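Report on the following structure.
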Amino acid sequence: MRERPRDLIWIEGTAAGCRQQALNLLAEQDPDAVGWVGTTAGGDGETGAGGIRAVPAGQGRSLLGRTLAAGVIDAHSGLDPDDLGALAGAIGGGGHCLLLTPPAAAWPTAPDPALARLLSEGVSPDPSGSAFIGRLIRHLGESPAVRRQAASDDMDALPRPTGYPGVGAGTLEPTAAQKRVIDAITDLTRDDDPATLLITADRGRGKSAALGLAARALGERADIRLTAPSRSAAATALASAGRTPPVFLAPEDVRPARSLLFIDEAAAMPLPLVERLIKENRRCVITGTVHGYEGSGRGLIVRLADTLARQPRTFRHVKLSRPIRWAPDDPLECLVDTLLLLDTDPRSHDNAGAPQIECVAGADLAGREQDLADAFGLLVAGHYQTRPRDLRQLLDDPSMRLWLARDQGAVIGILAGRVEGGLDPTLSREIHAGRRRPAGHLIAQSLTFHAGISEAATRRGLRIQRIAVHPDCRRAGIGRALVDAARASALDDGLDWLGTSFGMTAEVLDFWLACGLRPARVGNRRDASSGSHAVILLQGLDPHGDELLAQARQRMAVHLPDQLAQGLSDVPTALASRLQQDLPVAVDPAAIDQVDLEAFARGHRSLLDTHGALARWAVSGAGSFDGDDRALLDAAVDRPMDGMAMAQTAGLSGRREAIARLRKLLAQCLRTDDE
1 MRERPRDLIW
11 IEGTAAGCRQ
21 QALNLLAEQD
31 PDAVGWVGTT
41 AGGDGETGAG
51 GIRAVPAGQG
61 RSLLGRTLAA
71 GVIDAHSGLD
81 PDDLGALAGA
91 IGGGGHCLLL
101 TPPAAAWPTA
111 PDPALARLLS
121 EGVSPDPSGS
131 AFIGRLIRHL
141 GESPAVRRQA
151 ASDDMDALPR
161 PTGYPGVGAG
171 TLEPTAAQKR
181 VIDAITDLTR
191 DDDPATLLIT
201 ADRGRGKSAA
211 LGLAARALGE
221 RADIRLTAPS
231 RSAAATALAS
241 AGRTPPVFLA
251 PEDVRPARSL
261 LFIDEAAAMP
271 LPLVERLIKE
281 NRRCVITGTV
291 HGYEGSGRGL
301 IVRLADTLAR
311 QPRTFRHVKL
321 SRPIRWAPDD
331 PLECLVDTLL
341 LLDTDPRSHD
351 NAGAPQIECV
361 AGADLAGREQ
371 DLADAFGLLV
381 AGHYQTRPRD
391 LRQLLDDPSM
401 RLWLARDQGA
411 VIGILAGRVE
421 GGLDPTLSRE
431 IHAGRRRPAG
441 HLIAQSLTFH
451 AGISEAATRR
461 GLRIQRIAVH
471 PDCRRAGIGR
481 ALVDAARASA
491 LDDGLDWLGT
501 SFGMTAEVLD
511 FWLACGLRPA
521 RVGNRRDASS
531 GSHAVILLQG
541 LDPHGDELLA
551 QARQRMAVHL
561 PDQLAQGLSD
571 VPTALASRLQ
581 QDLPVAVDPA
591 AIDQVDLEAF
601 ARGHRSLLDT
611 HGALARWAVS
621 GAGSFDGDDR
631 ALLDAAVDRP
641 MDGMAMAQTA
651 GLSGRREAIA
661 RLRKLLAQCL
671 RTDDE
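Residue 1 is where the sequence shown starts when you use full-length UniProt numbering, and the numbers rise one by one after that.
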């Protein structure tokens with residue numbers, strides 16, 4: 001059964017007609033062997049006709065770990081590219097993927113909730129239609145893997161596959177490649193020295209099953225723990241182990257131990273978490289999908305290599321290439337790879353000189369297949385956890401601006417930016433108070449809410465969201481040339497500022513400083529994906545932008561010393577010095593503190609953003625506090641990151657109640673002062 005090719009059945013028509021046709025085709029299938037993303041007759045997340053349970057659009061990743069006989073993706077509920085990749089990757093050999101869509105002529109302009117979720121507040125889809133969907137239609141029409149039909153066509157029910165293994169693949173014998181993995185894992189158990197085994201492959205190559213088969217081979221004599229993004233993501237590994245499954249632990253529950261640790265689907269987990277698990281556990285086996293919808297395994301490999309190079313441990317890398325869940329050269333795999341650009345590795349390139357910079361619209365790039373593949377391949381290689389969903393945003397978000405760097409005709413660099421800000425003053429003040437958090441507008445919102453500049457979101461700017469340069473062409477000025485082109489375009493468009501936000505490292509910070517941008521705010525907590533504190537850098541492009549940067553730098557001069565003593569206490573000294581360089585001196589914090597305290601007391605400003613102001617006020621303005629109230633204030637000043645300690649000190653139930661009490665007390669005092 002696994003050697004039989006898979007296909008895609010494209011059903012066009014009304015939503016109701018397509019869903020009924022899909023149910024007719026699946027009438028002979030085991031409902032538990034069918035994955036359905038979108039809406040069935042029973043609705044999202046409910047068991048509909050035929051006993052098939054749907055998962056809501058956008059949650060296709062919940063199918064990870066299953067092996068399906070058939071799958072349905074209902075694009076009438078919106079088409080999230082991650083859903084398509086996840087569903088296709090879960091369908092076993094001989095299975096069918098059913099794609100339900102409006103008629104092709106109407107599909108690009110049909111309402112699409114999946115696209116709406118990608119757009120910022122105030123941004124509407126291009127009325128001319130989706131470039132991503134238009135490209136999809138073109139490839140579907142050309143692919144021999146696609147069977148196209150109308151919802152009204154008569155068709156016999158699909159036969160039930162024979163020998164369907166479900167997730168019970170533990171009954172299967174390992175392939176030759178999986179035996180190599182089992183042997184490598186067995187070697188780890190024989191030596192107590194620190195060691196890491198990395199197993200990488202494309203989807204369907206049996207790497208997760210290999211973990212379970214290794215546990216089965218080792219039997220009860222092995223003490224093995226298993227972690228993954230979710231228990232469902234680890235279903236294949238657990239089932240493949242037969243009677244001796246590893247002990248499953250959620251990633252946050254894994255503690256340092258000498259026993260073997262399996263980390264399945266690591267590319268779908270935050271890199272800092274993976275690094276911590278490796279550091280704290282002597283022997284680790286890690287799997288990662290090289291080209292996947294859950295994250296970039298290539299990015300994982302590059303970053304893990306850096307991490308492991310700094311650690312005194314043995315490192316081995318095993319690659320699996322031949323699929324076992326379906327046939328080699330499977331037509332559905334080839335089609336999905338093309339649709340979602342899952343196999344776009346940068347081609348080798350000899351840099352010949354200064355690049356040519358080109359501004360290109362997403363709709364135009366969608367029609368230039370090689371350029372699109374080269375550009376997206378650079379993003380996949382350069383940014384951890386780049387996903388197919390990002391491809392749709394590049395092509396369909398009207399606020400997106402794209403610049404390509406070319407050399408000898410080849411794309412060797414890409415910069416993607418989004419226009420943001422320009423919000424209504426009333427909305428900006430609501431953001432400042434923490435009562436509104438509209439979609440998108442990352443820098444505009446952060447400067448308004450976290451930095452505390454109430455009108456910041458009214459200013460329009462270009463946020464550089466992604467920048468990537470070909471690995472063979474780095475350190476040749478290509479990145480700066482792309483930034484220069486984006487800056488010139490933003491000036492021509494009358495924007496107020498140019499900015500970016502990223503996980504802070506010394507190397508990346510130095511690049512942006514060299515490009516003329518200056519730090520405007522640093523996040524108090526580490527970013528979940530990068531493991532670094534996020535920093536916003538800004539450059540003014542007109543008097544409004546210059547004034548915004550000046551305000552942000554003044555507030556940073558007041559906030560940063562307190563941040564470095566609290567949430568940023570682990571930032572290296574050299575990096576802290578870079579942040580403090582050329583900040584305004586002799587800034588009187590009184591006016592800034594007053595704004596911060598008001599926003600905390602009467603809005604939803606966070607405690608860490610307000611901590612410095614609160615600490616200064618506790619010395620000079622909190623004389624009326626006593627008893628539990630004084631204890632609460634002191635705990636908030638002394639241990640602002642320990643919500644439970646604050647609550648226990650004041651006899652309250654938890655952090656939320658403690659913060660609410662603190663806001664109320666501060667509001668009362670400020671009201672008294674006003675009177």
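Here a beta-carbon is modelled for each residue, glycine too, at the ideal position from N, C-alpha and C.
No experiment lies behind these values; they were computed from the predicted model shown.
{"Item": "Through-space distance from Arg553 to Leu568, alpha-carbon basis", "Value": "17 Å"}
{"Item": "Opposing strand residues paired with Pro519 [DSSP bridges]", "Value": "Leu537"}
{"Item": "Distance between Arg243 and Val318 (C-alpha atoms, nearest Å)", "Value": "26 Å"}
{"Item": "Segment contact flag, the segment 472-480 with the segment 453-460, C-beta cutoff 8 Å, min 3 pairs", "Value": "no"}
{"Item": "Exposure of Gln668, with buried meaning 16 or more beta-carbon neighbours within 10 Å", "Value": "exposed"}
{"Item": "Alpha-carbon to alpha-carbon, Leu340 and Gly206", "Value": "21 Å"}
{"Item": "Simplified DSSP assignment, three categories, for Met400", "Value": "strand"}
{"Item": "DSSP three-state assignment for Val380, whether helix, strand or coil", "Value": "helix"}
{"Item": "Exposure of Met269, with buried meaning 16 or more beta-carbon neighbours within 10 Å", "Value": "buried"}
{"Item": "Where Pro355 falls, given that 16 or more other Cβ within 10 Å makes a residue buried", "Value": "buried"}
{"Item": "Cβ neighbour criterion (16 or more within 10 Å) applied to Leu495", "Value": "buried"}
{"Item": "Option in Asp629, Leu23, Met556, Glu280 with minimal Cα separation from Arg663", "Value": "Asp629"}
{"Item": "Start and end residues, alpha helix (DSSP H) containing Cys334", "Value": "331-340"}
{"Item": "Reduced DSSP category for Arg6 - H, G, I as helix; E, B as strand; rest coil", "Value": "coil"}
{"Item": "Contacts around His470, its chain only, beta-carbon distance under 7 Å, and the 5 residues preceding and following it disregarded", "Value": "Pro346, His349, Leu378, Ile412, Gly413"}
{"Item": "Buried or exposed (CB count within 10 angstroms, at least 16 for buried), Ser446", "Value": "buried"}
{"Item": "Neighbourhood of Gly353 by C-beta distance below 8 Å, restricted to the same chain and skipping five residues each side", "Value": "Asp407"}
{"Item": "Whole-angstrom distance between Pro103 and Leu304, CA atom to CA atom", "Value": "45 Å"}
{"Item": "Where the alpha helix (DSSP H) through Val558 begins and ends", "Value": "543-565"}
{"Item": "Exposure of Asp588, with buried meaning 16 or more beta-carbon neighbours within 10 Å", "Value": "exposed"}
{"Item": "DSSP three-state assignment for Asn524, whether helix, strand or coil", "Value": "strand"}
{"Item": "As assigned by DSSP and simplified to three states, the class of Ser232", "Value": "helix"}
{"Item": "Same chain only: Cβ atoms within 6 Å of Leu261, ignoring 5 sequence neighbours per side", "Value": "Arg225, Asn281, Cys284"}
{"Item": "Glu598 - DSSP class collapsed to helix/strand/coil", "Value": "helix"}
{"Item": "Residue nearest to Cys515 in terms of C-alpha spacing, selected from Gln178, Leu79, Leu482", "Value": "Leu482"}
{"Item": "Backbone secondary structure at Gly461 - three-state DSSP", "Value": "strand"}
{"Item": "Close-in-space but distant-in-sequence residues of the same chain around Arg616 (CB under 8 Å, 5 per side omitted)", "Value": "Pro589, Asp593"}
{"Item": "Ala41 - DSSP class collapsed to helix/strand/coil", "Value": "Unreliable positioning characterises Ala41 in this predicted model, as indicated by a pLDDT of 49, which lies under 50. The coordinate reading is nonetheless provided below. Here Ala41 sits in coil by DSSP."}
{"Item": "Enclosing beta strand (DSSP E) for Asp345 [first to last residue]", "Value": "Where Asp345 is concerned, there is no enclosing beta strand (DSSP E), given that its DSSP letter is neither H nor E."}
{"Item": "Helix, strand or coil at Ala201 [DSSP, three-state]", "Value": "strand"}
{"Item": "Three-way DSSP call (helix, strand, coil) for Arg480 in this model", "Value": "helix"}
{"Item": "Same chain, Cβ closer than 7 Å to Ser532, neighbours up to 5 away in sequence not counted", "Value": "Gly503, Met504, Thr505, Arg526"}
{"Item": "Beta-carbon separation (whole angstroms), Ala410 vs Asp374, contact threshold 8 Å", "Value": "7 Å"}
{"Item": "Whole-angstrom distance between Lys279 and Ala217, CA atom to CA atom", "Value": "27 Å"}
{"Item": "Span separating the alpha-carbon of Ala110 from that of Ala201", "Value": "36 Å"}
{"Item": "Cβ separation of Ala22 and Val72, assumed to be a contact under 8 Å, to the nearest whole Å", "Value": "5 Å"}
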